[in-house]
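Here the structure is laid out as structure tokens; the discussion comes afterwards.
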Amino acid sequence: MAIVFERPKSLTNVTTHYCPGCTHGIIHRLIAEVMDELDIAGKTIGIAPVGCSVFAYNYFNCDMVQAAHGRAPAVATGLKRALPDQVIFSYQGDGDLASIGTAEIVHAAHRGENITVIFVNNAIYGMTGGQMAPTSLLEQKTTTSPYGRQEAQTGKPIRMSEMLATLDSTALISRVSVHNAANVLKAKKMIKQAFIAQQKGLGFSMVEVLSTCPTNWGLSPIEALKWLEGNMIPYYPLKDFKVPEEVK
Amino acid sequence: MAEKILMKGNEALAEAAVAAGCRYFFGYPITPQNEVPEYMSKRLPELKGTFVQAESEVAAINMVYGAASAGVRCMTSSSSPGISLKQEGISYMVGSQLPCVVVNMMRGGPGLGTIQPSQGDYFQATKGGGHGDYKLLVLAPSSIQEMVNLTMEAFDLAEKYRNPVMILGDGMLGQMMEPVIIEPKEPALYDKSWATTGTEGKRKPNVVNSLFIQAEECEKHNINLQEKFLQMEQNEVRYETLYEDAEYFLVGYGTTARIMRTVVNMARAQGLSVGLIRPITLFPFPHVAFDRVASHAKGFLVVEMSAGQMVEDVRLAVNGRQPVAFHGRTGGMAPEPKHILAELIKLMGEVK
Numbered sequence: 001m002a003i004v005f006e007r008p009k010s011l012t013n014v015t016t017h018y019c020p021g022c023t024h025g026i027i028h029r030l031i032a033e034v035m036d037e038l039d040i041a042g043k044t045i046g047i048a049p050v051g052c053s054v055f056a057y058n059y060f061n062c063d064m065v066q067a068a069h070g071r072a073p074a075v076a077t078g079l080k081r082a083l084p085d086q087v088i089f090s091y092q093g094d095g096d097l098a099s100i101g102t103a104e105i106v107h108a109a110h111r112g113e114n115i116t117v118i119f120v121n122n123a124i125y126g127m128t129g130g131q132m133a134p135t136s137l138l139e140q141k142t143t144t145s146p147y148g149r150q151e152a153q154t155g156k157p158i159r160m161s162e163m164l165a166t167l168d169s170t171a172l173i174s175r176v177s178v179h180n181a182a183n184v185l186k187a188k189k190m191i192k193q194a195f196i197a198q199q200k201g202l203g204f205s206m207v208e209v210l211s212t213c214p215t216n217w218g219l220s221p222i223e224a225l226k227w228l229e230g231n232m233i234p235y236y237p238l239k240d241f242k243v244p245e246e247v248k
Numbered sequence: 249m250a251e252k253i254l255m256k257g258n259e260a261l262a263e264a265a266v267a268a269g270c271r272y273f274f275g276y277p278i279t280p281q282n283e284v285p286e287y288m289s290k291r292l293p294e295l296k297g298t299f300v301q302a303e304s305e306v307a308a309i310n311m312v313y314g315a316a317s318a319g320v321r322c323m324t325s326s327s328s329p330g331i332s333l334k335q336e337g338i339s340y341m342v343g344s345q346l347p348c349v350v351v352n353m354m355r356g357g358p359g360l361g362t363i364q365p366s367q368g369d370y371f372q373a374t375k376g377g378g379h380g381d382y383k384l385l386v387l388a389p390s391s392i393q394e395m396v397n398l399t400m401e402a403f404d405l406a407e408k409y410r411n412p413v414m415i416l417g418d419g420m421l422g423q424m425m426e427p428v429i430i431e432p433k434e435p436a437l438y439d440k441s442w443a444t445t446g447t448e449g450k451r452k453p454n455v456v457n458s459l460f461i462q463a464e465e466c467e468k469h470n471i472n473l474q475e476k477f478l479q480m481e482q483n484e485v486r487y488e489t490l491y492e493d494a495e496y497f498l499v500g501y502g503t504t505a506r507i508m509r510t511v512v513n514m515a516r517a518q519g520l521s522v523g524l525i526r527p528i529t530l531f532p533f534p535h536v537a538f539d540r541v542a543s544h545a546k547g548f549l550v551v552e553m554s555a556g557q558m559v560e561d562v563r564l565a566v567n568g569r570q571p572v573a574f575h576g577r578t579g580g581m582a583p584e585p586k587h588i589l590a591e592l593i594k595l596m597g598e599v600k
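These protein sequence lines map, in sequence, to chains A and B.
Okay, so the first sequence: first residue is 1 according to the numbering used here, each after it adds one.
Okay, so the second sequence: first residue is 249 according to the numbering used here, each after it adds one.
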């Protein structure tokens, strides 16, 4: 009998720690499928952040490095400079990349480091228990914005893809989502193009993936997918900001 | 045989790193160590190595973390305020058991302080510096040639123990010029099977990591680390003693020890029985140097370009057997021989 569905070889055979309904698992799977399809697991080194995906080093079946909070792009820089022929990707959440690690992500992009960044944006700090992130939406209630995020005190949410796309050194910047099947497929296509961009030496690539946090949003998994579509996408439009012709 | 050449401390240190096989440098400008990154930015491309001027010291040490994960010889250098910024990354490197060399050409603090030489970072260098229970091997050269030799050795020691090694110099050592011989040598071969270089389908994945979320696991990890620090204490103590049969000893490291050599000569010309103990490794601290003179020594005068930091380790080493006096200058000022001699004579008077 033909096997029609199985675990990608680039994922380890373990149960993840992610909450029910969290979309980290989907995003992990997409990266692993891409690693399988490009046959690069043996030459890939992934970088796990601090945040919900800190244990990513247990889930990807390739060499992994755990980085300090926000520093993954700097760690990736050191790895890529030492191993220019290997594939280096960082996997970072929005607290990691859009708050504490803004200097590192901006300057890895500004240098045009030939690395791939998977930026998982769920508009909240998950691992620490649902605090406000720079990406939290206005009026969004979190444990540190119990009255809802107020512009007067905290400004408006930061759009990292738009910001990084302004840097001339970036090669590929795209925002995708995993809230339904069609978008999951689009997300995979863009993740694959980002890895190909690195393999072709085109420079810095980042795919921002809108993701859910049912636990800290206080919603059921299905409600969370709807909340993402109805609230996040209007503020964080799904868009290919920059995609080089060579990977299309 | 390499020829003897006149070099500035910072440049000699950089060339020594190259001679030891370092091909990856990540740094950020800060006075008084700018000649290190400047030299590397010119030298490393000649050798197909990599120089990256990072956006911050925080980023620089994390680039070192990445390169060290790949198993290559790499380093960063900075001066006091910049070293404070690197502490997070240094703690992670110890936790993840990654080798690297970190250079601190100390300047006066606290805060922005001054660009003049200081030894105010002794506590930070020898007692951990960042968060968690850990130590760095800390090497304190007192001449440019010694800085060359210790820098070359530092790369071997870092790999031997899979731990960062710090070269603790100061603005004086970085900026002064002396004749040096730099003899390139093949790096010692240490096991790098832990490095994350890509499995190539031939082995199980390697993970570089300092997270041990279960307390039992984290304690086991800490016990292993402490075992390494104990090994360093057993194997790596280095110091120099002048006139071991003397009754009184000046104690100092780095630039201060240079000044104290003059004082030893001045004192002995006056017929005083004075020697010098100069720690070369600040961690591990050379307790043995004090044990060796315990039966005949009458007192110690510790001199530092700080308000008194190493003096605490000297007091632990002397353990109440003899009086330990202190003389220090701060804020970028260097102690003067005549003042040190006066303090020494005062100590002698108090003992008698």
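Where a beta carbon is used, it is the ideal one built from N, C-alpha and C, also for glycine.
Kindly list the residues whose CB is nearer than 8 Å to the CB of B:Gly579, restricted to its own chain and excluding five residues on each side of it in sequence; keep chain order.
-> Here residue 579 of chain B refers to the residue found at position 331 when the second sequence is read from its first residue. Once the five neighbours on either side are set aside, the close Cβ partners of B:Gly579 are Gly356, Gly361, Thr362, Gln364 and Ser366.
Grab me the residues of B:Cys322's own chain with a C-beta within less than 6 Å of its C-beta, minus the 5 sequence neighbours each way, in chain order.
-> Here the question's residue 322 of chain B lines up with position 74 in the second sequence. Around B:Cys322: Tyr272, Val312, Ala315, Ala316 and Cys348.
Spatial distance of B:Val512 from B:Val413 (CA atoms) = Taking the first residue of the second sequence as 1, we reach residue 512 of chain B at position 264. Taking the first residue of the second sequence as 1, we reach residue 413 of chain B at position 165. Straight-line Cα distance between these residues: approximately 31 Å.
Roughly how many angstroms lie between the CA atoms of B:Met480 and A:Pro157, to the nearest whole one?
-> Translated into positions along the second sequence, residue 480 of chain B becomes position 232. Translated into positions along the first sequence, residue 157 of chain A becomes position 157. Going from the Cα of B:Met480 to the Cα of A:Pro157 covers about 50 Å.
Using 8 Å as the Cβ pair cut-off and three pairs as the minimum, do the segment 196-212 of chain A and the segment 110-130 of chain A touch?
-> yes
Can you grab the Cα-Cα spacing for the pair A:Thr144 / B:Glu552, in whole Å?
-> Within the first sequence, the letter at position 144 stands for residue 144 of chain A. Within the second sequence, the letter at position 304 stands for residue 552 of chain B. C-alpha separation (whole angstroms): 47 Å.
Those runs of the alpha helix (DSSP H) which lie wholly inside the segment 480-554 of chain B and span at least 4 residues = 502-517 and 535-540
Output, in chain order, the set of chain B residues within a Cβ distance shorter than 9 Å of A:Thr249.
-> With chain A running from 1 to 248 in the structure shown, residue 249 of chain A is simply not present.
Within 10 angstroms of its Cβ, does B:Arg451 collect 16 or more other Cβ (buried), or is it exposed?
-> Along the second sequence, one-based indexing puts residue 451 of chain B at 203. Exposed: under 16 other Cβ atoms inside 10 Å.
Would you report the Cα separation of A:Gly42 and B:Glu426, rounded to the nearest angstrom?
-> Within the first sequence, the letter at position 42 stands for residue 42 of chain A. Within the second sequence, the letter at position 178 stands for residue 426 of chain B. Using only the alpha carbons, I get a separation of about 49 Å.
Does at least one heavy atom of the ligand HEM sit under 7 Å from the Cβ of A:Glu139?
-> Among the components of this structure there are no ligands whatsoever, and the ligand HEM is therefore not found.
Coil, strand or helix - B:Met311 by DSSP = Indexing the second sequence from 1 puts residue 311 of chain B at position 63. Helix.
Does any C-beta atom of chain A lie closer than 8 Å to the C-beta of B:Gly449?
-> Translated into the one-based positions of the second sequence, residue 449 of chain B becomes position 201. Yes - at least one Cβ of chain A is within 8 Å of the one on B:Gly449.
Can you pull the chain B residues whose beta carbon is under 8 Å from the beta carbon of A:Thr44, in chain order?
-> Within the first sequence, numbered from 1, the residue matching residue 44 of chain A stands at position 44. Simply Gly446.
Spell out whether any CB of chain B is found under 8 Å from the CB atom of A:Gln193.
-> Your numbering for residue 193 of chain A matches position 193 in the first sequence. No, A:Gln193 does not count as interfacial toward chain B.
Contacts that B:Gly337 makes with chain A (C-beta to C-beta distance below 8 Å) = Here residue 337 of chain B is taken as the residue at index 89 of the second sequence, counted from 1. What B:Gly337 touches in chain A: Ala68 and Arg71.
In chain A, which residues lie with their C-beta within 7 Å of the C-beta of B:Val456?
-> Position 208 of the second sequence, counting from 1, holds the residue named residue 456 of chain B. Residues of chain A passing the Cβ test: Val65 and Gln66.
Cutoff 8 Å: A:Asn61 Cβ touching any chain B Cβ = Within the first sequence, residue 61 of chain A is the residue found at index 61, counting from 1. It does; some Cβ of chain B falls within 8 Å.
Determine the direct distance from the alpha carbon of B:Lys586 to that of B:Val550, and round the result to whole angstroms.
-> Here residue 550 of chain B corresponds to residue number 302 of the second sequence, with the count starting at 1. Here residue 586 of chain B corresponds to residue number 338 of the second sequence, with the count starting at 1. When rounded, the distance between both Cα atoms is 15 Å.
Would you say B:Ala505 and B:Leu592 are within 8 Å of each other, going by their C-beta atoms?
-> Taking the first residue of the second sequence as 1, we reach residue 505 of chain B at position 257. Taking the first residue of the second sequence as 1, we reach residue 592 of chain B at position 344. For B:Ala505 and B:Leu592, no; Cβs fall outside 8 Å.
Could you please tell me which residues of the segment 25-41 of chain A, in chain order, have their CB closer than 8 Å to any CB of chain B?
-> Ala41
When the Cα of A:Asn183 is compared with those of A:Leu167, A:Val209 and A:Pro84, which residue comes out closest?
-> Within the first sequence, residue 183 of chain A is the residue found at index 183, counting from 1. The candidate whose alpha carbon is nearest that of A:Asn183 is A:Val209.
Best match in B:Gly576, B:Leu490, B:Lys383 and B:Val455 for proximity to B:Phe533 [C-alpha to C-alpha] | Stepping through the second sequence from its first residue, residue 533 of chain B is reached at position 285. Ranking B:Gly576, B:Leu490, B:Lys383 and B:Val455 by Cα distance to B:Phe533 puts B:Lys383 first.
Would you kindly report the start and end of the unbroken alpha helix (DSSP H) that includes B:Ser339?
-> Position 91 of the second sequence, counted from the start, is the residue given in the question as residue 339 of chain B. Residues Ser328 to Gly343.
Compare the beta carbon distance of A:Leu172 and A:Ala194 with 8 Å and say whether it is the shorter of the two.
-> Here residue 172 of chain A is taken as the residue at index 172 of the first sequence, counted from 1. Here residue 194 of chain A is taken as the residue at index 194 of the first sequence, counted from 1. Yes; because the gap between Cβ atoms is below 8 Å, this pair is in contact.
Between A:Arg81 and chain B, is there a C-beta pair that is closer than 8 Å?
-> Residue 81 of chain A sits at position 81 when you count from the first residue of the first sequence. Output row for A:Arg81: interface = yes.
Tell me A:Met206's beta-bridge partners as DSSP assigns them.
-> The count along the first sequence starts at 1 and reaches residue 206 of chain A at position 206. The partner list for A:Met206 (beta bridge, DSSP) reads A:Val117 and A:Ile173.
Curious, which full-length beta strand (DSSP E) runs of at least 3 residues does the segment 55-115 of chain A contain?
-> 63-66 and 87-93
Over the uninterrupted alpha helix (DSSP H) stretch that includes B:Gly419, give me the two end residues.
-> As a first step, residue 419 of chain B is located in the second sequence; it is residue number 171 there, counting from the start. B:Gly419 -> alpha helix (DSSP H) spans Gly419 to Gln423.
Can you pull the chain B residues whose beta carbon is under 7 Å from the beta carbon of A:Tyr57, in chain order?
-> As a first step, residue 57 of chain A must be located in the first sequence, where it is residue number 57. Val455 and Asn457, listed in chain order.
Residues of chain B with CB under 7 Å from A:Val54, in chain order?
-> On the first sequence, position 54 is the one that residue 54 of chain A refers to. Here the neighbours are Leu459.
Residue range of the beta strand (DSSP E) that includes B:Gln301 = For the purposes of this step, residue 301 of chain B is taken as the residue at position 53 of the second sequence. B:Gln301 -> beta strand (DSSP E) spans Thr298 to Gln301.
Per DSSP, which one or two residues make a beta bridge with A:Gln131?
-> One-based indexing of the first sequence puts residue 131 of chain A at position 131. Looking at the DSSP assignment, A:Gln131 forms a beta bridge with A:Tyr125.
Assuming A:Thr44 and A:Met35 make a contact with CB atoms under 8 Å, what is their CB distance in whole Å?
-> As a first step, residue 44 of chain A must be located in the first sequence, where it is residue number 44. As a first step, residue 35 of chain A must be located in the first sequence, where it is residue number 35. With 8 Å as the limit, A:Thr44 and A:Met35 qualify as a contact, their Cβ atoms being about 6 Å apart.
If B:Leu385 and B:Leu398 are in contact, beta carbons under 8 Å, what's the gap, nearest whole angstrom?
-> Here residue 385 of chain B refers to the residue found at position 137 when the second sequence is read from its first residue. Here residue 398 of chain B refers to the residue found at position 150 when the second sequence is read from its first residue. In fact, because the Cβ distance is near 10 Å, the residues do not count as touching under 8 Å.
Local conformation of B:Asp369 per DSSP, three classes | In the second sequence, the residue the question calls residue 369 of chain B occupies position 121. Correct three-state label for B:Asp369: coil.
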